[in-house]
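Visitor: Chains as they are written, first to last, in this note's numbering: chain A, 1189 to 1550; chain B, 1347 to 1720; chain C, 291 to 455. We treat Cβ as the ideally placed atom computed from N, Cα and C, and that holds for glycine. Bear in mind that the values here come from a model prediction, so they are computed numbers and not experimental data. Supplied in structure tokens, the structure appears directly below.
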Amino acid sequence: MTFNIYDLTSFNQWVDKTLYDSLPAFWAMIIEMTLIGVAFLLFYALIGLFLVYAERKVCAFIQNRVGPNRVGPYGIFQTIADFIKLLMKELIPINKADKFLFNLAPFIVIIASFMAIAAIPFGLGLHAIDFNIGVFYVMAVSSLGVIGVLLAGWSSNNKYSLIGAMRSGAQIVSYELSVGLSMVTIVILAGSMQLSTIVEAQRDGWFIFTGHVPALIAFLIFIIASTAETNRGPFDLAEAESELTAGYHTEYSGIKFAFFFLAEYMNMFIVASIAATLFWGGWMPLHIGGWAGFNTVMDYIPPFFWYMGKTMVVIFIMMWFKWTFPRLRIDQLLKLEWKYLLPINLFNIILMALIVLLGWHF
Amino acid sequence: MEDLFIISDAIQEEEYIINMGPQHPSTHGVLRFKVSLKGETVLGVEPHCGYIHRGIEKMCERLTYQQVIHLTDRLDYLSAHINNEAVCLLVENALQIEVPERVKYIRTILSELSRLASHQLWWCAFGMDLGALTTYFYGLRDREPILDIFEETTGARLLQSFNCPGGLMNDIHPNFIKRVKDYIVYFRKKLPEYDELLTGNVILQERTNDIGFLTLEDAISYGVTGPSGRASGFACDVRKHHPYSAYDKVEFKEILFDKGDTFHRYKARVEEMWESLKIIEQLIDNIPEGDFVVKMKPIIRLPEGEYYQRVEACRGEFGVYVLSTGDKYPYRVKFRSPNFSNLSAINLLSAGHKIADLVAISGSLDLVIPDIDR
Amino acid sequence: MNSIITYLKELFGGIKTLLKGMMVTGYYFVHPRSIITQQYPENRKTLQMFDRFKGQVSMPHDENNLHKCTACNICEINCPNGSIEVISKQVEKADGKTKKELDTYIYKLSMCTFCGLCIKVCPQDAIVFTPEFEHAVFNQDKLIKTLNKPGSSLKEKVKEPINII
Ligand code: SF4
Ligand code: SF4
């Protein structure tokens, strides 16, 4: 067995082989699934804690503040303390709420965000399932979360929640289009829906460089639309705290609120990693054709770090958006989608198809 | 309890009532809007006030004129100095006392500093209402040095009680002039940033332009004064038209627009910050020497009669009405608070717009709740 | 054609204003030196309040434990909130005369609005504002303070007592 940080395929195969050799096939499969599940749960929790901390620090620096700095050095344990606090808080029962749906909603939100992780390639060989329709799967699964939001708004028996949920519904239905179409642009360029193939196709240059203008436009649209899809500012109309107090999760407290909170950050992480995978080459190191020396140096950085680095940059851009812009109004939000993003996107797809047909890309 | 939730007219089909406040992030205090909605469209807004009523006018009837001053701080706490000044001017005018030039200059400078601080706080809160949370910290950051100036000279950051009939409680601090000059240089650099961050922003433009029109006629009949009224073309600047203190010695522009929508109310305030800077600049270098107070009798008795004094507070015309029977206590005190009149226009402004616009409109009126309830 | 030009103009104009805003926030993100937050409990030792800061009313005593208050009650009358209570006692002097002297000077911090009238009217300048600001206590009774120190007495004849102001 070889444990190679640059290529984990052989390691995975070794684990797989040992398990199947020593155990009946059924149990080996169960154990493998549990292992992956536990790994993802851990990853999920760590990323969630880290992102909350990062967001607070980023927004603090943008706002000329210091940010959390009490718990631990530079306040790095702040989110853990917050999490413990949330765990211990009372779950306030809501009168006349639809109990079943009310309790179900946070789980739907969090499961939807959890499912999408499975298909994301974190590195060479670090890939739970490599669907041949990976792009399609990620898109479908990550938009399931809106059902949870709608349920939460409906079952809370609160007008603010209901308005928030309705806004969220309208918003996701329209922005899903833009997210999908901008992904389609890249699918056209890559000629495949399999995420591993898409990453592999970017070995000699990321799509954002090789795809000319259409890829750039698709990237911008993807960032805007996915910010809207994750309900983050400036598109956070569903929670709009100055209008609807806390929107759809007004009535939630304690750990159920924490689920919504965590899901928001995980969704952000997922769309950022999709953006990194589709446009910036996922775990692929930065290669510039002809510069052999430069390319070898880049190859020394393990793929996982490339992947995380790119994702974090995208996340930072999304945070930067949130802490700069005022919120849109619901009709302006829809106008932005239907008047600007969608037509540009359709035009962009045609452009990309032409480029691919004529072979103008690198 | 049930009838509390029914707006005056019978509820129409598909209409529902939502209760914004008294604990709501966008009302900036304990104000309650009863909003009737159809979908997201606002059909009517009914403001309910009184949650922070303290009976200040009644309390004033058992206080001497010196003691009344500290209560006026607590009306519109962001223009505390200006409110103090109104009572002092009233007493001085009634007794026909001429205060030293030095007092007039210092009062004017402090008033304009209050106005700056107040408009900064409004700017950051307005940004926050629209969802741009970062503006809040930039505004507070720039307001901090002004509060320091106040603290050094008057001893308090917000509720200064620095005026007294006949002058001021104390002379200015030796550092005062230097600090104010430094601040003007500092803030002249920061103010364009406000425009870059918020004013020019296409989202803000979209959110505020053509929203919440207030016509000149309505502004006059509702008594909407201050920057909100001037955005509709209502030339109501007391500093310009009935100058008091040192306002007749300075040159400044009365900011007037004629459109009267939310964006112009916003614009009027940002422009006023520039004008305030100009006023301070003209005065700070030539504060005359002299006493900071004239000796008054320990017990002030206003001659029998009615008195009214108005000043331009940060949000509009602030008036004090006193009915005196020649006693050492006023017989009746009435404050004409600008926010109360400004609030009354909210239904007119926001009917037909979205909930998000209601938040923007009430933000652009810059309401301070303790001033409404008194 | 014209409409397309307006459309594009709107689009790019809008993007430009957004970028401008992002420049401002981005500038502060990379300039952490512009942070002005004070680390309060840590900087307690170096924290300098302004000398005029109205923290609380207090009565200065000199090294012989003497204060200047003649218990004339003027401050009590002038306080709009009734936060001062001057309790005086009759003291027999060596020459047989009785004289009014300060017994306890009660100051209720919780009722004080820091208007400064008491300090302004005091003919003896016996009370001043001091800049303490950490007034948090667990029990409201602790906010009722006695300003004259135990065993203190009047500093004789500093200034002729005159009337208010
Ligand atoms: S006014 Fe001054 S001297 Fe008179 S009781 Fe008060 S503190 Fe003492
Ligand atoms: S500062 Fe004002 S409220 Fe406080 S004790 Fe003195 S007179 Fe009373």
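By the criterion of Cβ-Cβ separation under 8 Å, what are the contact partners of N1693 of chain B in chain C?
Guide: Taking the first residue of the second sequence as 1, we reach residue 1693 of chain B at position 347. Chain C residues near N1693 of chain B: none, gap ~32 Å exceeds 8 Å.
Visitor: Would you please verify whether the beta carbon of M291 of chain C is less than 9 Å from any beta carbon of chain A?
Guide: As a position in the third sequence, residue 291 of chain C is number 1, starting the count at 1. Cβ-Cβ to chain A under 9 Å: no for M291 of chain C.
Visitor: Could you give the DSSP three-state label for G1497 of chain A: helix, strand or coil?
Guide: Counting from 1 along the first sequence, the entry for residue 1497 of chain A is found at position 309. For G1497 of chain A, the secondary structure class from DSSP, reduced to helix, strand or coil, is helix.
Visitor: Checking contacts by CB at 9 Å: is T403 of chain C closer than that to chain B?
Guide: Position 113 of the third sequence, counted from the first residue, corresponds to residue 403 of chain C. It does: the Cβ of T403 of chain C has a partner Cβ on chain B nearer than 9 Å.
Visitor: Is it the case that the segment 1432-1452 of chain A contacts the segment 1388-1399 of chain A, given that we only count it when at least three CB pairs across the two stretches are under 8 Å?
Guide: Touching, no, given that fewer than three Cβ pairs across the two stretches are closer than 8 Å.
Visitor: Should the segment 1420-1431 of chain B be called in touch with the segment 1616-1634 of chain B, which here means at least 3 C-beta pairs below 8 Å?
Guide: no
Visitor: Provide the residue span of the beta strand (DSSP E) that contains D1519 of chain A, from first to last.
Guide: The residue you call residue 1519 of chain A lines up with position 331 of the first sequence. Unbroken run through D1519 of chain A is the alpha helix (DSSP H), 1518-1523; no beta strand (DSSP E).
Visitor: Starting from V314 of chain C, trace the alpha helix (DSSP H) both ways and give me its first and last residue.
Guide: For this step, residue 314 of chain C is matched to residue 24 along the third sequence. Segment 292-319, the alpha helix (DSSP H) holding V314 of chain C.
Visitor: With 16 as the cutoff for other CB atoms within 10 Å, does A1464 of chain A come out buried or exposed?
Guide: Start at 1 with the first residue of the first sequence, and residue 1464 of chain A comes out as number 276. Classification for A1464 of chain A: buried.
Visitor: Which of helix, strand or coil does DSSP assign to S1380 of chain A?
Guide: Position 192 of the first sequence, counting from 1, holds the residue named residue 1380 of chain A. Coil.
Visitor: Is the separation between the beta-carbon of P1589 of chain B and that of G1662 of chain B shorter than 9 Å?
Guide: On the second sequence, position 243 is the one that residue 1589 of chain B refers to. On the second sequence, position 316 is the one that residue 1662 of chain B refers to. Contact flag unset, no.
Visitor: Relative to the alpha-carbon of L399 of chain C, which residue among C:K432, C:K390, C:V381, C:I367 has its alpha-carbon at the smallest distance?
Guide: Residue 399 of chain C sits at position 109 when you count from the first residue of the third sequence. For the residues C:K432, C:K390, C:V381, C:I367, the minimum Cα distance to L399 of chain C belongs to C:K432.
Visitor: Tell me, please, whether the CB atom of M1189 of chain A is closer than 9 Å to any CB atom in chain B?
Guide: Reading the first sequence from its first residue, position 1 is the one you call residue 1189 of chain A. Note that M1189 of chain A scores a pLDDT of 49, beneath 50, so its modelled location is shaky; the value from the coordinates is reported in the next line. No, because no Cβ of chain B sits closer than 9 Å to the Cβ of M1189 of chain A.
Visitor: Could you tell me the boundaries of the beta strand (DSSP E) in which K379 of chain C lies?
Guide: To locate residue 379 of chain C, count along the third sequence from 1; it is residue 89. Element bounds for K379 of chain C: 374-382.
Visitor: Quick check on the burial criterion: 16 or more other C-beta atoms within 10 angstroms. Buried or exposed for Y1488 of chain A?
Guide: Taking the first sequence and counting its residues from 1, one reaches residue 1488 of chain A at position 300. Exposed: under 16 other Cβ atoms inside 10 Å.
Visitor: Name the DSSP beta bridge partners of S1382 of chain B, please?
Guide: To locate residue 1382 of chain B, count along the second sequence from 1; it is residue 36. BP columns for S1382 of chain B point to B:I1363, B:G1390.
Visitor: Please go through the same chain and pick out, in chain order, the residues whose beta-carbon is closer than 7 Å to the beta-carbon of P1511 of chain B, but skip the five residues on each side of it.
Guide: As a first step, residue 1511 of chain B is located in the second sequence; it is residue number 165 there, counting from the start. If we look at P1511 of chain B and ignore the five residues flanking it on each side, its Cβ neighbours are Y1411, Q1412, C1434, V1437, E1438, M1642, I1646.
Visitor: Kindly say whether L1516 of chain A, judged by its beta-carbon, lies nearer than 9 Å to any beta-carbon of chain B.
Guide: The sequence position of residue 1516 of chain A within the first sequence is 328, counting from 1. So, interface residue.
Visitor: DSSP beta-bridge partners for I434 of chain C?
Guide: Counting from one through the third sequence, the residue named residue 434 of chain C turns up at place 144. I434 of chain C pairs with C:K398.
Visitor: Using a Cβ-Cβ cut-off of less than 7 Å, list which residues of the segment 319-353 of chain C approach chain B; keep chain order.
Guide: Here the close residues are I326, F340, R342, F343, K344.
Visitor: Which complete alpha helix (DSSP H) runs does the segment 1407-1477 of chain B hold, if anything under 4 residues is left out?
Guide: 1411-1418, 1426-1441, 1447-1475
Visitor: CB I1398 of chain B to CB D1719 of chain B, shorter than 9 Å?
Guide: Counting from one through the second sequence, the residue named residue 1398 of chain B turns up at place 52. Counting from one through the second sequence, the residue named residue 1719 of chain B turns up at place 373. The answer is yes: Cβ separation under 9 Å.
Visitor: Indicate, with yes or no, if ligand 2 has a heavy atom lying under 8 Å from the CB of V1531 of chain B.
Guide: Taking the second sequence and counting its residues from 1, one reaches residue 1531 of chain B at position 185. Checking the Cβ of V1531 of chain B against ligand 2 gives no.
Visitor: Less than 8 Å between the CB of L1524 of chain A and some heavy atom of ligand 2, yes or no?
Guide: Residue numbering aside, residue 1524 of chain A sits at position 336 when the first sequence is read from its first letter. For L1524 of chain A, the CB stays at least 8 Å from every heavy atom of ligand 2.
Visitor: For a test of your reading of the model: does the CB of N363 of chain C fall under 8 Å from any non-hydrogen atom of ligand 1? Yes or no.
Guide: Here residue 363 of chain C refers to the residue found at position 73 of the third sequence. Checking every heavy atom of ligand 1 against the Cβ of N363 of chain C, one is found closer than 8 Å.
Visitor: If the cut-off is 7 Å on Cβ atoms, which residues from the segment 1400-1411 of chain B count as contacting chain C, listed in chain order?
Guide: L1409
Visitor: Which partner residues of Q414 of chain C appear in the DSSP bridge assignment?
Guide: Position 124 of the third sequence holds residue 414 of chain C. Q414 of chain C is not bridged to any residue.
Visitor: Between V347 of chain C and ligand 2, is there a pair consisting of the residue's CB and a ligand heavy atom that are separated by less than 8 Å?
Guide: As a position in the third sequence, residue 347 of chain C is number 57, starting the count at 1. Here the distance from the Cβ of V347 of chain C to the nearest heavy atom of ligand 2 is below 8 Å.
Visitor: I'd like to confirm something about M401 of chain C: is its beta-carbon nearer than 8 Å to some heavy atom of ligand 3, or not?
Guide: In terms of ligand content, the structure shown lacks ligand 3 and carries ligand 1 and ligand 2 instead.
Visitor: Relative to the C-alpha of I1402 of chain B, which candidate in B:E1392, B:C1395, B:D1419, B:L1389 has its C-alpha closest?
Guide: Sequence index remark: in the second sequence, residue 1402 of chain B carries index 56 (1-based). Among B:E1392, B:C1395, B:D1419, B:L1389, the Cα nearest to that of I1402 of chain B is on B:D1419.
Visitor: Looking only at its chain, what residues have a beta carbon closer than 7 Å to the beta carbon of T1267 of chain A, apart from the 5 residues adjacent to it on each side?
Guide: Position 79 of the first sequence, counting from 1, holds the residue named residue 1267 of chain A. Here the set comprises L1237, V1240, Y1241.
Visitor: Please classify M1354 of chain A: is it buried, with 16 or more other beta-carbons within 10 angstroms of its beta-carbon, or exposed?
Guide: Translated into positions along the first sequence, residue 1354 of chain A becomes position 166. Buried.
Visitor: If you draw a straight line from the C-alpha of V1323 of chain A to the C-alpha of E1431 of chain A, how long is it?
Guide: Here residue 1323 of chain A refers to the residue found at position 135 of the first sequence. Here residue 1431 of chain A refers to the residue found at position 243 of the first sequence. Rounded to the nearest angstrom, the two C-alpha atoms are 35 Å apart.
Visitor: Would you mind sorting Q414 of chain C into buried or exposed? The rule is 16 or more other CB atoms within 10 Å of its CB.
Guide: For the purposes of this step, residue 414 of chain C is taken as residue 124 along the third sequence, with counting starting at 1. The residue in question, Q414 of chain C, is buried, as its Cβ has 16 or more Cβ neighbours within 10 Å.
Visitor: Distance, Cα to Cα, K1586 of chain B vs V1334 of chain A?
Guide: Position 240 of the second sequence, counting from 1, holds the residue named residue 1586 of chain B. Position 146 of the first sequence, counting from 1, holds the residue named residue 1334 of chain A. Distance between the alpha carbons of K1586 of chain B and V1334 of chain A is about 56 Å.
Visitor: Drop a sphere of 10 angstroms on the beta-carbon of T388 of chain C, count the other beta-carbons inside from all chains shown, and report buried for 16 or more, exposed for fewer.
Guide: Residue mapping note: residue 388 of chain C aligns to position 98 of the third sequence, counting from 1. The residue is exposed, with fewer than 16 neighbouring Cβ atoms inside 10 Å.
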